Amino acid sequence: MSFWNFLINYRAEIFSRTLEHLILVSAAMLVAVLIGIPLGIALVRRPNLRRWVLGAANVIQTIPSLALFGFLIPVPFLGGIGARTATVALALYALLPILQNTYTGIAGVDPAVLESARGMGMTSRQILRDVQLPLSIAVILAGVRVAAIICIGIATIAAAIGAGGLGVFIFRGVAMVSNSVILAGAIPAALLAIGVDILLGLVEKKLTP
Amino acid sequence: MNTALGADGLAVELRNVGYRVDKRQIVSGVSFKVAPGETLILLGRSGAGKTTTLKLINRLLETSSGEIFVERRSQLEWDPIQLRRRIGYVIQDVGLFPHWTVEQNVAMVPRLESWPESRVRQRVREMMELVGLDVAKFAARKPSELSGGQRQRVGVARALAADPPILLMDEPFGALDPVTRAELQREFCELAARLEKAIVFVTHDLREALLIGTRIGLFAEGHLAAIYKPDEFLHSSDAEARAFVDSLGAEEGRERSSPKVTGRGRKA
Chain A
0 MSFWNFLINY
10 RAEIFSRTLE
20 HLILVSAAML
30 VAVLIGIPLG
40 IALVRRPNLR
50 RWVLGAANVI
60 QTIPSLALFG
70 FLIPVPFLGG
80 IGARTATVAL
90 ALYALLPILQ
100 NTYTGIAGVD
110 PAVLESARGM
120 GMTSRQILRD
130 VQLPLSIAVI
140 LAGVRVAAII
150 CIGIATIAAA
160 IGAGGLGVFI
170 FRGVAMVSNS
180 VILAGAIPAA
190 LLAIGVDILL
200 GLVEKKLTP
Chain B
0 MNTALGADGL
10 AVELRNVGYR
20 VDKRQIVSGV
30 SFKVAPGETL
40 ILLGRSGAGK
50 TTTLKLINRL
60 LETSSGEIFV
70 ERRSQLEWDP
80 IQLRRRIGYV
90 IQDVGLFPHW
100 TVEQNVAMVP
110 RLESWPESRV
120 RQRVREMMEL
130 VGLDVAKFAA
140 RKPSELSGGQ
150 RQRVGVARAL
160 AADPPILLMD
170 EPFGALDPVT
180 RAELQREFCE
190 LAARLEKAIV
200 FVTHDLREAL
210 LIGTRIGLFA
220 EGHLAAIYKP
230 DEFLHSSDAE
240 ARAFVDSLGA
250 EEGRERSSPK
260 VTGRGRKA
């Protein structure tokens, strides 16, 4: 069966797998952003915590993805077979770039700007909201962008633990020794990555002061 | 709250103030008073404790010993945020918010204090005119579109916007080219004479100190060695004061036609 025939015959499944993939990545990114950005901000004020947290995030990044999925299966509450485990693993991978960029962005704000903000009577909250976040939003979003791309790629492996997504085609294609089937997973995943990259690039541009 | 002060009109008073980090004493035994209309210069070499003393006044640093009174109330009775909004603060690097326009920067404290918007706008206009910036031309610009001198003008306008009775200035003209610096110093003298603020001004430049100050406090190694009137300073026998006067002489010797230094304190 040629690639094009496969595409046409399986368009419904390709569509639903793409959707699955997107939901998986979105859920993981939501978790990573909700944890990563506040944690990154907290690290600026706690230098001794910084070493440990960034170190741990770095170590997680070095674990091969298939291994991490495997490790998580026996973990109670978070683990098991399926999308929940995959979300946790993906969120862990997305954490480092978000954490790292949030920290770098906030820590990189001109000290003179902070001194005058504090000296003129802004509260810590006002400084964070009106000065530090606006001035580092581009760097933070760049981290989110990298994290999203990483997640879309790694999410293809999630099919190995029954989480669905476009990886289903890739694993099936490998088993069937069929390039068409592999491509039916790989091409939409690549397009998804490019699309998300462009979209987040636009958001970045729009939010940059 | 109003700006009325006590009978002797005291805006800032330091009593035997010290500051140390761990066991290192940075500043000790500093006492002085500043009244409205006065400009007290804190003069000294780098690391003599001038900037530290300035930051103790608006509680960017906390005193380790002694007491500071602002408008006759102990500093500790003030909410630090409220205190800082009553004290204008200008630093060498200006620290304008790069993502805000000039108008937004100048309006910062009035907006923090939730002034009605019409009053904020009017105040911004007044302040920009006060520091010699054309409102129509500059209000909508970002700090990156200004020259160094213009930026520092905005810095001064921002510090004065909420009409604070006290102004702290940390080498505000230090990073400017000599011509712009002289221009801003001159204008600042006129401004200071008109505004009736209590000003504490840090510099390591004796020429600037003589020009702007009504009194000059000489810092050496974390101590306030003495406070002089500008003309007294030139005739002081103190070794550190002589060192500063000599440096001035050396500078003037280099320039063939040395401009005569005249202090605001002297002609007043």
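These protein sequence lines are chains A and B, in that order.
Its first residue numbered 0, the first sequence is counted upward by one per residue in numbering that gives the first Met the number 0.
Its first residue numbered 0, the second sequence is counted upward by one per residue in numbering that gives the first Met the number 0.
In this text, a Cβ means the ideal position worked out from N, Cα and C, and glycines have one as well.
Given the structure is predicted, the values throughout are model-derived calculations rather than measurements.
What VAL112/A touches in chain B, judged by beta-carbon distance under 8 Å, is GLY94, LEU95, PHE96 and PRO97, going in chain order.
Cβ neighbours of ALA181/B within its own chain (closer than 8 Å, five residues either side excluded): none. For a cut-off of 8 Å, the C-beta gap from ALA85/A to PHE68/A is around 7 Å, short enough to register as a contact.
With its beta carbon less than 7 Å from one in chain B, PRO133/A belongs to the interface.
Interface annotation, SER115/A: in contact with chain B, CB-CB separation under 7 Å. Put simply, the CB of GLY118/A is near chain B, with a gap under 7 Å to one of its CB atoms.
Fewer than three Cβ pairs drawn from the region 185-200 of chain A and the region 40-52 of chain B lie within less than 8 Å of each other, which leaves the two stretches out of contact. Bridge partners of ARG23/B according to DSSP: VAL20/B.
Sequence-ordered contacts of the region 123-153 of chain A with chain B read GLN125, ASP129, VAL130, PRO133 and LEU134 [C-beta pairs closer than 9 Å].
Between the beta-carbon of ILE139/A and that of ASN100/A there is about 5 Å, and that keeps the pair under the 8 Å contact cut. Residue state for TYR227/B is assigned as strand, using DSSP reduced to three classes. At a cut-off of 7 Å, the C-beta of ILE80/B has a neighbouring C-beta in chain A. Contact of MET121/A with chain B by beta-carbon distance below 7 Å involves LEU111. Here VAL108/A is buried, its C-beta having at least 16 other C-beta atoms within 10 Å. In the structure shown, the three-state DSSP call for GLU37/B is coil. Distance between ILE160/A and GLY81/A, taken at the CA atoms: about 6 Å. The three-state secondary structure of GLU12/B, taken from DSSP, is strand.
Within the region 61-90 of chain B, contact with chain A at the beta-carbon level (separation under 9 Å) is assigned to PRO79, ILE80, GLN81, LEU82, ARG83, ARG84, ARG85, ILE86, GLY87, TYR88, VAL89 and ILE90.
When 7 Å is used as the limit between beta carbons, MET107/B is near these residues of chain A: MET119, in chain order. Between the region 66-73 of chain B and the region 99-106 of chain B there are fewer than three inter-stretch CB-CB distances shorter than 8 Å, so the stretches are not counted as touching. Contact annotation, PHE31/B with GLY216/B: C-beta distance approximately 6 Å; criterion of less than 8 Å satisfied.
ASN57/B belongs to the set of residues whose beta carbon lies under 7 Å from a beta carbon in chain A. Taking a cut-off of 8 Å for Cβ pairs, the region 22-35 of chain A and the region 90-99 of chain A touch, as three or more such pairs fall below it.
Distances from the CA of ARG19/B to each of GLY248/B, GLY221/B, ILE226/B and ALA10/B were compared; the closest alpha carbon is that of GLY221/B.
Between ALA56/A and LEU6/A, the CB-CB gap reaches or exceeds 7 Å. Look at LYS141/B here: in three-state DSSP terms it is coil, with no helix or strand label.
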